[in-house]
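S.K.: Note that numbering that gives the first Met the number 0 gives residue 127 to position 128 of the sequence shown, counting from 1, and the numbers run on in steps of one.
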Amino acid sequence: MLETAFAAGCLQATPLAIERKSAIHAGVIDQAARRYHLDRELIQAVIAVESCFNSRAVSPAGAEGLMQLMPATAERFGVSDSFNSKQNILAGARYLAWLKRRFAGNLQHAVAAYNAGEGVVAQYGGIPPYKETQRYVKNVMSIYSKLAPDKAVKHRKTIANGTVYFPYAPLNKVARHRQSGRVHMAVPKPAPLKPLTGKPGRQGIEYMRRHAPHLFRK
């Protein structure tokens with residue numbers, strides 16, 4: 000859930016290089032994709048940005064493993080060993096699928112929430128104005144687009160000059176104005192946020208028990 004230094008080796012990698020790096024985990028990635036109704040390429044893209052397929056990766060904030068699970072998130076999804084590739088991928092994919100449902104199928108918001116936390120994305124009504132999170136969404140969507148252009152295309156937008164971009168604000172909250180051939184976007188001022196003590200989806204286990212009790216039922 001943190002874009003770590005480990006990710007650097009994957010950000011400019013070719014699709015073939017990413018496929019090679021992910022080959023050892025192909026079986027569980029496919030299993031997670033089927034079980035949680037996600038594109039396998041999306042799972043690959045998140046892993047690439049999170050850890051570049053380093054199953055022993057640990058971030059400065061304590062996120063662990065391939066999909067960089069924070070301890071509270073690992074507990075939330077029943078992970079006993081974050082360095083176990085199968086447990087990590089299945090839990091990370093489950094969380095990503097939950098976020099996608101939480102944000103009504105908006106993939107970019109789900110990806111942003113994976114990095115910055117669902118509470119932050121909900122309060123801002125979209126991708127928050129954090130450079131780290133904006134860069135994270137851009138990188139995940141870029142790799143996803145390289146791996147599966149036909150699947151990713153519906154999440155992209157093209158402006159007048161042909162530039163392809165991934166919008167950072169909800170389209171229904173953006174006013175567009177054309178002047179001198181340029182596109183200007185007015186984004187509503189976000190509501191003030193209370194400081195968070197942890198990273199993403201990581202407000203703490205008791206918070207999660209209160210707000211998502213169904214995830215803890217056996």
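For every residue, glycine included, the Cβ atom is placed at its ideal position computed from N, Cα and C.
From a predicted model like this one, the values you see are computed outputs, not experimental measurements.
At what residue ranges does the segment 64-139 contain a whole run of the beta strand (DSSP E), taking only runs of 3 or more?
M.R.: Complete beta strand (DSSP E) runs here, min 3: none at all.
S.K.: List the residues that DSSP assigns as beta-bridge partners of Val-48.
M.R.: Numbered from its first residue, the sequence shown carries residue 48 at position 49. Paired residue(s): none; Val-48 is not in a bridge.
S.K.: For the segment 7-18 against the segment 100-114, are there 3 or more C-beta pairs whose distance is under 8 Å?
M.R.: No, the segment 7-18 is not in contact with the segment 100-114.
S.K.: Provide the residue(s) that pair with Val-27 in DSSP beta bridges, ordered along the chain.
M.R.: Along the sequence shown, read from residue 1 onward, the residue named residue 27 stands at position 28. For Val-27, which the question treats as bridged, DSSP gives no partner whatsoever.
S.K.: Considering Cα atoms alone, identify which of Ile-126, Gln-122 and Thr-72 is closest to Ile-88.
M.R.: For this step, residue 88 is matched to residue 89 along the sequence shown. Looking at the Cα atoms, Thr-72 is the closest of the given residues.
S.K.: Please list, in chain order, all residues of the same chain as Lys-150 whose beta carbon is under 6 Å from its beta carbon, the five residues on each side excluded.
M.R.: For the purposes of this step, residue 150 is taken as the residue at position 151 of the sequence shown. Hits under 6 Å: Asp-38.
S.K.: Report yes if the C-beta distance between Gly-91 and Met-69 is below 8 Å; otherwise report no.
M.R.: As a first step, residue 91 is located in the sequence shown; it is residue number 92 there, counting from the start. As a first step, residue 69 is located in the sequence shown; it is residue number 70 there, counting from the start. Cβ distance not < 8 Å, so Gly-91 and Met-69 don't count as in contact.
S.K.: Find the nearest neighbour of Lys-130 within the set Asn-114, Ser-144, Ala-121 and Tyr-143, judged by alpha-carbon distance.
M.R.: Here residue 130 is taken as the residue at index 131 of the sequence shown, counted from 1. If we check each option's Cα against that of Lys-130, Asn-114 comes out closest.
S.K.: I'd like the span of the alpha helix (DSSP H) that includes Ser-218, first residue to last.
M.R.: Within the shown structure, residues of the chain are numbered from 0 to 217, placing residue 218 beyond reach of any answer.
S.K.: On a CA-only basis, which of Arg-34, Asn-138, Glu-74 and Ile-23 is nearest Asn-53? Give me that one, please.
M.R.: Here residue 53 corresponds to residue number 54 of the sequence shown, with the count starting at 1. With distances taken between Cα atoms, Asn-53 lies closest to Ile-23.
S.K.: Checking contacts by CB at 8 Å: is Ser-21 closer than that to chain C?
M.R.: Among the chains in the structure shown there is no chain C, since it carries only a single protein chain.
S.K.: In terms of residue numbering, what span does the alpha helix (DSSP H) encompassing Gly-8 cover?
M.R.: Looking up residue 8 in the sequence shown gives position 9. 7-10 is the extent of the alpha helix (DSSP H) around Gly-8.
S.K.: What is the rounded straight-line gap between the Cα of Val-120 and the Cα of Arg-134?
M.R.: Mapped onto the sequence shown, residue 120 falls at position 121. Mapped onto the sequence shown, residue 134 falls at position 135. Cα to Cα, Val-120 sits roughly 15 Å from Arg-134.
S.K.: Closer than 8 Å is the cut-off here; do at least three beta carbon pairs connect the segment 54-63 with the segment 75-87?
M.R.: Short answer: they touch.
S.K.: Do you know whose CA, among Gly-104, Ser-21, Leu-15 and Gly-125, lies nearest His-36's CA?
M.R.: Start at 1 with the first residue of the sequence shown, and residue 36 comes out as number 37. Comparing Cα positions, the closest option is Gly-104.
S.K.: In angstroms with no decimal places, state the Cα-to-Cα distance between Gln-43 and Tyr-123.
M.R.: The residue you call residue 43 lines up with position 44 of the sequence shown. The residue you call residue 123 lines up with position 124 of the sequence shown. Cα to Cα, Gln-43 sits roughly 27 Å from Tyr-123.
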